[in-house]
Amino acid sequence: MAAVRVWGVTEPGYFVSFEGGDGSGKTTQARLLGDWLGQTLGRDVVVTREPGGTFLGLELRRLVLHSEDMDPRTEALLYAADRAHHVASLIRPALDRGAVVITDRYLDSSVAYQAGGRELGEDEVERLSLWATHGLPPDVTILLDVDLATSAARMPADLDRLERVDESFRQRTRDAYLRRAAADPGRWVVIDAAGTIDDVQARIRAALTGRLPAPARPEGERP
Ligand SMILES: Nc1ncnc2c1ncn2[C@@H]1O[C@H](COP(=O)(O)OP(=O)(O)OP(=O)(O)O)[C@@H](O)[C@H]1O
Ligand SMILES: [Mg+2]
Numbered sequence: 000m001a002a003v004r005v006w007g008v009t010e011p012g013y014f015v016s017f018e019g020g021d022g023s024g025k026t027t028q029a030r031l032l033g034d035w036l037g038q039t040l041g042r043d044v045v046v047t048r049e050p051g052g053t054f055l056g057l058e059l060r061r062l063v064l065h066s067e068d069m070d071p072r073t074e075a076l077l078y079a080a081d082r083a084h085h086v087a088s089l090i091r092p093a094l095d096r097g098a099v100v101i102t103d104r105y106l107d108s109s110v111a112y113q114a115g116g117r118e119l120g121e122d123e124v125e126r127l128s129l130w131a132t133h134g135l136p137p138d139v140t141i142l143l144d145v146d147l148a149t150s151a152a153r154m155p156a157d158l159d160r161l162e163r164v165d166e167s168f169r170q171r172t173r174d175a176y177l178r179r180a181a182a183d184p185g186r187w188v189v190i191d192a193a194g195t196i197d198d199v200q201a202r203i204r205a206a207l208t209g210r211l212p213a214p215a216r217p218e219g220e221r222p
């Protein structure tokens with residue numbers, strides 16, 4: 000069994016998750032942050048996503064997003080299976096070798112979207128994710144918060160199954176994210192995601208100042 004990662008004492012990796020509603024800019028900002036952290040920290044950076052960060056995960060993503068309607072428990076278990084495999088096969092090994100891992104969505108997506116109106120309780124969805132990941136929390140979670148009209152204007156016309164949801168659902172999801180962030184300010188950073196791509200990236204970098212790990216030591220240098 001993999002060791003449980005404990006706040007503040009786990010070295011040497013650094014684990015960042017991006018959260019937020021559809022069209023808030025997660026994929027765009029995760030990539031830009033990855034480039035910057037690679038340069039700033041001199042570490043290996045892995046940018047990945049959920050669902051679908053692995054080969055098996057791609058199959059699960061296809062089933063969740065593009066197949067028939069499914070029971071909420073089936074859906075929750077498919078997301079949990081994707082997350083379990085993602086952590087075990089990609090995220091934890093990368094952290095163990097000292098990489099920065101940036102994931103575009105993680106367990107808070109399951110909990111926040113659950114709060115938006117599907118049938119299961121937020122607590123049970125969170126417990127399922129913690130079980131699936133051996134309790135692996137991100138070092139920092141970046142919430143890209145933006146009003147619904149702005150994010151809707153950024154979304155493509157051909158929406159997938161989960162994106163074809165009504166505005167009140169999206170509002171409840173946004174509220175759930177903000178509630179979770181307020182309850183755990185040690186882990187969450189809330190970023191105003193309105194404005195240009197560069198504006199948002201600058202806010203993210205500023206907010207991470209003081210939270211980043213030390214740069215990698217040059218090869219051969221003693222600790
Ligand atoms: N600050 C911004 N201003 C204008 N357009 C943006 C901004 N950020 C991202 N975009 C554009 O909006 C679209 C959605 O952005 P992106 O894919 O990064 O969002 P996302 O949060 O990953 O969405 P999803 O949840 O659907 O994957 C993209 O076409 C992207 O280029
Ligand atoms: Mg995206």
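Heads up: the sequence shown begins at 0 in numbering that gives the first Met the number 0, then just goes up one per residue. Glycine is no exception: its CB is placed at the ideal position from the N, C-alpha and C atoms. These figures come from a predicted structure and were not determined experimentally.
Buried or exposed, going by whether 16 or more other CB atoms sit within 10 Å of the CB of residue i?
| i | result |
| --- | --- |
| H65 | exposed |
| E49 | buried |
| R82 | buried |
| E166 | exposed |
| P136 | buried |
| A148 | exposed |
| G185 | exposed |
| G194 | exposed |
Leaving out five residues on either side along the sequence, give the residues of the same chain with a beta carbon under 8 Å from the beta carbon of residue i.
| i | result |
| --- | --- |
| R206 | Per the sequence presented here, residue 206 reads as Ala, with Arg not at that position. Only I141, V188 and I190 meet the Cβ criterion. |
| F168 | G115 and G116 |
List the whole-angstrom C-beta distance separating residue i from residue j, where the pair is believed to meet the contact cut-off of C-beta under 8 Å.
| i | j | result |
| --- | --- | --- |
| R42 | V99 | 5 Å |
| A111 | A175 | 4 Å |
| K25 | R126 | Not quite, the Cβ-Cβ distance comes to about 24 Å (not below 8 Å), so this is no contact. |
| A214 | L40 | With the sequence shown as reference, residue 214 is identified as Pro, and Ala is not the correct amino acid for it. Yes, P214 and L40 are in contact; Cβ-Cβ is about 5 Å, under 8 Å. |
Counting only beta-carbon atoms, is residue i nearer than 8 Å to chain D?
| i | result |
| --- | --- |
| R96 | Checking the listed chains, one finds no chain D in this structure; it contains a single protein chain. |
Might you give, ordered along the chain, the residues of its own chain that have their beta carbon closer than 7 Å to the beta carbon of residue i, omitting 5 neighbours on each side?
| i | result |
| --- | --- |
| D95 | G12 |
| H84 | T53, L55 and G56 |
| V46 | A29, R30, G33 and I101 |
So, for residue i: in the same chain, excluding its five sequence neighbours on each side, which residues have a beta-carbon less than 6 Å away from its beta-carbon?
| i | result |
| --- | --- |
| S109 | Y78, V124 and S128 |
Requested in this report: Could you pull out every unbroken beta strand (DSSP E) segment of at least 3 residues lying fully inside the segment 176 to 208, listed in chain order?
Outcome: Listed in chain order, the complete beta strand (DSSP E) runs (minimum 3 residues) inside the segment 176 to 208 are 187 to 191.
*Mind listing, in chain order, the residues whose beta carbon lies closer than 6 Å to a non-hydrogen atom of ligand 2?*
Any residue whose Cβ sits closer than 6 Å to a heavy atom of ligand 2 makes the list: K25, T26 and D103.
Counting only runs that start and end within the segment 26 to 85, where is the alpha helix (DSSP H) found for 4 or more residues in a row? Correct list: 54 to 65 and 71 to 85.
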